[in-house]
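Residue numbers (this note's numbering), protein chains in the order written: chain A, 2 to 311; chain B, -4 to 263.
Beta carbons are placed, not taken as given, at the ideal position from N, Cα and C, and that holds for glycine.
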C-alpha cells in the first residue's frame, strides 16, 4: 500500500454478462485515495461510480484486480473495514415503517456502541435540522437523505464513502454538509465522494478523479485541474479590433473558440499567455480579463476529446 | 453487535405475526365452536360417500374413523382445509430474509455495516422462525379458547400435537423460500418459483393420497405436505422421523442459502 493511502484500487475491473452481451462497467482502475483528503469521484450517470463503490463495499465482486481499504482486502476483511467506514448509497432506501430514531438505534446497535453513536446522531440531526420522530414513509426525499447522512456519519468513521450525497438537499443543508466535510478533513479523516455536481466537488474536494465509460480518465488536484487546462480570455481594445487579428487568433494552435463583438474578442486559450500577448500587441488593449474554466467545462473537454489537444 | 438484526427483525414483524396468528386462531375457534352442531355418525356416512380424491384434498387418507371424532372434525375443518394458508405465512417471511431487502435496496445499507452476510441471514431466519412459533401458539390458543367457550369435549393434547407439528412444516417452507430467493436473486422470480413449488406439492400430495396402493402413491412421497399427515398425527402423536426430516432439510437449505448468499453479488 502506498504511504498514507487509505483506499487502493489496482486493476479493478467489472464486467457483466458474457460474449456479445458483455458490458464493461469498470475497466482496469488504478487509484489511490490518501488519508485526510476529500476525493471527488466525478462522472456522468453510468460511468461506473456506483459500481466502484459497491466493489469497495464487497456488495459485488470484481472480475479482475482488487482493492484494499486501510490496507485490508475489501473482500476478506469486509466486516473489519465496514466497522471503520460510513456509507451513503446513491439510491438510498430505508425501512419505510420505522422512524428515524428507530433506524438510528438499529444501525447503532449493529455497530455496537449504541449510547455514544446515538448521542452523536442527535447532534448531527440538530445541525441538519432533522426530525427523528417521523416514520421514513412520511419523510420527503431531502429528509430521507439527511437521515442517510446521519447514519453514515454518526459513528465518526475514519473513512466516509458517499455516493451522490447532496442531490435533493436544499442549498442551506448543502452548505451545512460542506462545512461538515471541511471538519472531517480538519480531523484528518478521509472522504470518497462521488458526484456529478461539479460545483460541489470544486467547493469541497482536494483531488478529483474523472471517470468515463468505466475508465479513469484523469486524477488531478482540484487546484491543478482548474489551472493547467485552459482559460477563457476576454480582450477589450480601445478602438476596433486590429485588422486581421481575429484570423490571426483563429490560426494559432493554442487558441480556439474565438468570437469577436465590437471592440471585444473572447477566446479559449490553452497553455502559455505569451503567444496571445504578442498577437494582440498591435492594438491598444484597454482591459484583459482571464476567467478560469469551471470543472464542468473541463469535464466536457475531457469528454469531447479536447484534452488531447491541450 | 450479535442479536441486533434478530431483535430488529422481530420488532418489524411482530404486528404481522399477531395479525396472522389472530386471524388463524379465529378460524380455529370457529371450527371448534361448530363441533356440537354436527352429528359425527352422519359425518362418517357423509365422508364415506366422498371419492378418495376429494377426501385427499382436505387431508383425509384411508383412516376415515379417526375423522369422525370431535378432534377429527376440527382437523378436517381447520388443519386440512388450511394447508395452503399455512404455507403463505412462511413464504412471506422467507422472502423477507434476503429477497425483499435486495429488491427495495435496504440490503446495501445493512451490508455496509460491520456484520457478515451469514450473520444477517441467520439472525433473520431465527427471528422469523420465532414469529412462526408465535403464530402457531396463537392458533393453539384459539383452539383452547373455543374449547372453553363452547364447552366442547376435545382431546386438547392431541390437537396440540397437530398444531405444534405446524412449526417444523412452516420453518421448512420458509427455508425453502429463502433458498429459492437466494438462488433466483429477483423477488418476483423467486415468488413465482416458490408459489409453483407449494401448489405442485399440494397437487402431488393430493394425487398420492387419492391413489392409495397404486404407483401414483409414490408421487405423493415427494411432496412435503405428505409428511404433515393430520390423521397419523392425531392417532400416533408426533412422528419424529418426519419432524427430523423437516428439521434436517431446513438446516441443509439454510446452509446452502448461507453459502450461496456469501458467494454471490447483491442485486442492485
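Quiz item: Using the C-alpha atoms, what's the distance from residue 105(B) back to residue 207(A)?
Solution: 30 Å
Quiz item: Does any residue of chain B bring its CB to less than 8 Å from the CB of residue 119(A)?
Solution: no
Exercise. Would you mind sorting residue 18(A) into buried or exposed? The rule is 16 or more other CB atoms within 10 Å of its CB.
Key: exposed
Quiz item: Where residue 12(B) and residue 99(A) are concerned, what is the direct C-alpha to C-alpha distance, given to the nearest angstrom?
Solution: 17 Å
Self-check item: Buried versus exposed call for residue 31(B) [16 or more other C-beta atoms within 10 Å across all chains shown]
Solution: exposed
Exercise. Might you give, ordered along the chain, the residues of its own chain that have their beta carbon closer than 6 Å to the beta carbon of residue 196(B), omitting 5 neighbours on each side?
Key: 218, 219 and 220
Quiz item: Do you know whose CA, among 63(B), 243(B) and 22(B), lies nearest residue 42(B)'s CA?
Solution: 63(B)
Practice problem: Take residue 112(A) as the anchor and find which of 177(A), 91(A) and 87(A) has the nearest alpha-carbon. | Solution: 87(A)
Quiz item: Can you name the residues that DSSP bridges to residue 216(A)?
Solution: 213(A)
Quiz item: With which residues is residue 233(A) paired in a DSSP beta bridge?
Solution: 269(A) and 292(A)
Quiz item: How many Å lie between residue 210(B) and residue 102(B) at the Cα?
Solution: 47 Å
Quiz item: What does residue 88(A) touch in chain B if you count any residue whose Cβ is under 9 Å from its own?
Solution: 103, 104, 107 and 108
Quiz item: Among 237(A), 146(A) and 184(A), which one has its Cα closest to the Cα of residue 286(A)?
Solution: 237(A)
Quiz item: Does the ligand MN have even one heavy atom less than 7 Å from the beta-carbon of residue 105(B)?
Solution: Because no ligand of any kind appears in the structure shown, any question about the ligand MN cannot be addressed here.
Quiz item: residue 208(A) bridges to which residues according to DSSP?
Solution: 40(A) and 222(A)
Quiz item: So which residues of chain A does residue -1(B) contact, with C-beta pairs closer than 8 Å?
Solution: 107, 110 and 111
Practice problem: Counting only the same chain and skipping the five closest in sequence on each side, list residues whose C-beta sits under 6 Å from that of residue 177(B). | Solution: 93, 252, 255 and 256
Quiz item: With a cut-off of 8 Å, does the C-beta of residue 94(A) fall near any C-beta of chain B?
Solution: yes
Practice problem: For residue 7(B), go through chain A and note every residue whose CB falls closer than 8 Å to its CB, in chain order. | Solution: 96, 98 and 99
Quiz item: On the premise that residue 166(B) lies in contact with residue 134(B), defined as a C-beta separation below 8 Å, what is that separation, rounded to the nearest angstrom?
Solution: With 8 Å as the limit, residue 134(B) and residue 166(B) do not qualify as a contact, their Cβ atoms being about 15 Å apart.
Quiz prompt | Amino acids of chain B, ordered along the chain, whose beta-carbon sits closer than 8 Å to that of residue 80(A) | solution = 109, 110 and 111
Quiz item: Do residue 165(A) and residue 195(A) have their C-beta atoms within less than 8 Å of each other?
Solution: yes
Self-check item: Delimiting residues of the alpha helix (DSSP H) encompassing residue 228(B)
Solution: 225 to 231
Quiz item: Is residue 99(B) helix, strand or coil by DSSP?
Solution: helix
Quiz prompt | Below-8 Å beta-carbon distance, residue 60(A) vs any chain B residue | solution = yes
Quiz item: Which residues share a DSSP beta bridge with residue 65(B)?
Solution: Residue 65(B) is not bridged to any residue.
Self-check item: the segment 170 to 185 of chain B / the segment 131 to 146 of chain B touching (three or more Cβ pairs under 8 Å)
Solution: no
Quiz item: Can a CB atom of chain A be found closer than 8 Å to the CB of residue 150(B)?
Solution: no
Quiz item: If you draw a straight line from the C-alpha of residue 262(A) to the C-alpha of residue 283(A), how long is it?
Solution: 18 Å
Quiz item: Exposed or buried, residue 2(A), counting other C-beta atoms within 10 Å across all chains shown (16 or more means buried)?
Solution: With a pLDDT of 42 at residue 2(A), under the threshold of 50, the predicted position of this residue should be treated as unreliable, though the coordinate-derived value follows. Exposed: under 16 other Cβ atoms inside 10 Å.
Quiz item: How many whole angstroms separate the CB atoms of residue 136(A) and residue 93(A), which I take to be in contact at a CB cut-off of 8 Å?
Solution: Not quite, the Cβ-Cβ distance comes to about 15 Å (not below 8 Å), so this is no contact.
Quiz item: Residues of chain A with CB under 8 Å from residue 261(B), in chain order?
Solution: 55, 60 and 61
Practice problem: Quick one: using the 10 Å Cβ neighbour count with 16 as the cut-off for buried, is residue 4(A) buried or exposed? | Solution: Note that residue 4(A) scores 48 on pLDDT, short of 50, meaning its location in the model is unreliable; the coordinates nonetheless yield the value given after this. Label assigned to residue 4(A): exposed.
Practice problem: Note down, in chain order, every chain B residue with its Cβ under 7 Å from the Cβ of residue 84(A). | Solution: 109
Self-check item: Exposure label - residue 203(A); buried when at least 16 CB within 10 Å
Solution: buried
Quiz item: Can you pull the DSSP bridge partners for residue 34(A)?
Solution: 8(A)
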